[in-house]
Amino acid sequence: MFARSMYLDFFIRTLLGLAVGLVFAFLISEGSFWLLPNKQSASRDPHEVTLVIPYGTSEQVKAGAYNRSLPENMTFVQGDVLIVKNEDVAAHQLGPVLVPAHASGVLELSQASEYNYTCSFQPTNRMGISVLPRVDPNSRVQALLAVGLPTGMMLAIYSYMIPPEKLKFLKGLRKAS
Amino acid sequence: MLRRIEFWVIGGMVASLLVAAAVVFTRPHSFRGSVIDPPLPAPDFALEDGSGGRFRLSEQRGKLVILFFGFTTCPDVCPTTLSEMKLIHKRLGTLAEDARFVLITVDPERDTPERTAQYAASFHPAFIGLSGSEEELQPVWKAYGVYREKRQTASASGYLVDHSAFVYIIDRNGNWRETFSFGAPVDDMVEDVRYLLRER
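Right, dumping it as structure tokens:
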């Protein structure tokens, strides 16, 4: 009888510890996610982004007459695919993407980071690219478990040091069982 | 009864392993560099190889060509890239016999064919160094989108050449498949080159 109630005690404390740990992790992890400034774009699925370099661009850049309004900084999400279609007669470069004339260059943005690239079709010759880390449901669950499980176990281990007499609700549970 | 359970448990584990192996081995290769899509026939060129002969790209069908543009007095980017190419050569093992590692100069004023060939071979005896006159090289630079600009310095060498630093991968069929920018991980280049060398 004593052994049975000890096991029940142990089980309830572990379960409660894990529950509190997971709730705590949920609040921290989801709270941080909701504080993210770009949470909507960071949680979207990766997609393809196409940039077209029109015919005559190199000549216009040389003459200083190129005035197409491309933003100097573009934001992507990890896993996005950047496609640069070059319809010009000269090769063009956008950072790591070198595209020969009349061809397309494709690059998967697999690393989240801030890049400042050389760009042959921008009047400033520079282009900034931000690749945000992708926060998908999987990574949110992983974050929850990574924080929640160890925290819960730690709480459970600490709770084993509290004598059963001090936990009134355990008495009630024991009686009920 | 127990035997029947054992049969289903072991059978289930074997089936899961087979499914996992099928998923891993049938996954399409994902290129790490900047891919030319669809692949484009690589612009042909014929340049002096330092031994009195000419290296013509179109004669390399059946071999994969790893191409880089640099110069022999380059203080940083070129030796780094050629060292990485040496590492790729080593990591490919016997597959490297089907690859050509080529350096084309962006400084024909100082880099004679002999000097370029000698410089390339100092990284690996199989590396090929090519040069020619500025008139011969200009269309090659243009076709491969090579940026180059001489910059005067106070150093003994007089000037340096600022240049783009891409590594070009040309497959066995003479198609320009992808480029890697300076600083791309060697592991990525090895993976893609290995895949292209095994591609028939």
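The listed protein sequences derive, respectively, from chains A and B. In terms of the working numbering, the first sequence has 867 at position 43, counting the first letter as 1, and numbering is strictly consecutive. In terms of the working numbering, the second sequence has 489 at position 195, counting the first letter as 1, and numbering is strictly consecutive. No residue lacks a Cβ here, since even glycine has one placed at the ideal position from N, Cα and C.
Counting every other CB atom within 10 Å of its CB across the protein chains shown gives Trp858 (chain A) a total below 16, marking it as exposed. The distance from the Cβ of Pro335 (chain B) to that of Gly439 (chain B) is about 15 Å, inconsistent with a contact at the 8 Å cut-off. Sequence-ordered contacts of the stretch 437–456 of chain B with chain A read Ala437, Tyr438, Gly439, Tyr441 [C-beta pairs closer than 8 Å]. Using a Cβ distance threshold of 9 Å, Thr473 (chain B) and Leu922 (chain A) count as a contacting pair.
Looking at the DSSP output, Ala927 (chain A) shares a beta bridge with A:Asn910. In the three-state scheme derived from DSSP, where H, G and I count as helix and E and B as strand, Asp833 (chain A) is classed as helix. At a cut-off of 9 Å, the C-beta of Pro870 (chain A) has no neighbouring C-beta in chain B. Checking the DSSP bridge columns, you'll see Pro335 (chain B) partnered with B:Asn469. Using beta-carbon distances, Asp331 (chain B) counts as an interface residue toward chain A, with a partner under 9 Å. Proximity of chain A to Phe460 (chain B) at the Cβ level (cut-off 8 Å) is accounted for by Leu922, in chain order. For Arg348 (chain B), the CB contacts under 8 Å within the same chain, skipping 5 residues up- and downstream, are Ala340, Leu341, Glu342 in chain order.
For Glu883 (chain A), the secondary structure class from DSSP, reduced to helix, strand or coil, is helix. The contact set of Thr473 (chain B) on chain A, defined by CB atoms closer than 7 Å, consists of Leu922 in chain order. In terms of Cβ geometry, Arg326 (chain B) and Ala459 (chain B) do not form a close pair [threshold 9 Å]. Beta bridge pairing from DSSP links Ile877 (chain A) with A:Asn910. Nearest Cα to Tyr941 (chain A) within the set B:Ala316, B:Ser425, B:Arg298, B:Ser475: B:Ser475. Taking a Cβ-Cβ threshold of 7 Å, none of the residues of chain A is close to Trp302 (chain B); the smallest such distance is about 29 Å. A straight-line Cα-Cα distance of about 23 Å links Ile986 (chain A) and Ala849 (chain A). CA-to-CA, the gap between Arg442 (chain B) and Gln935 (chain A) works out to about 29 Å. For Thr388 (chain B), the secondary structure class from DSSP, reduced to helix, strand or coil, is helix.
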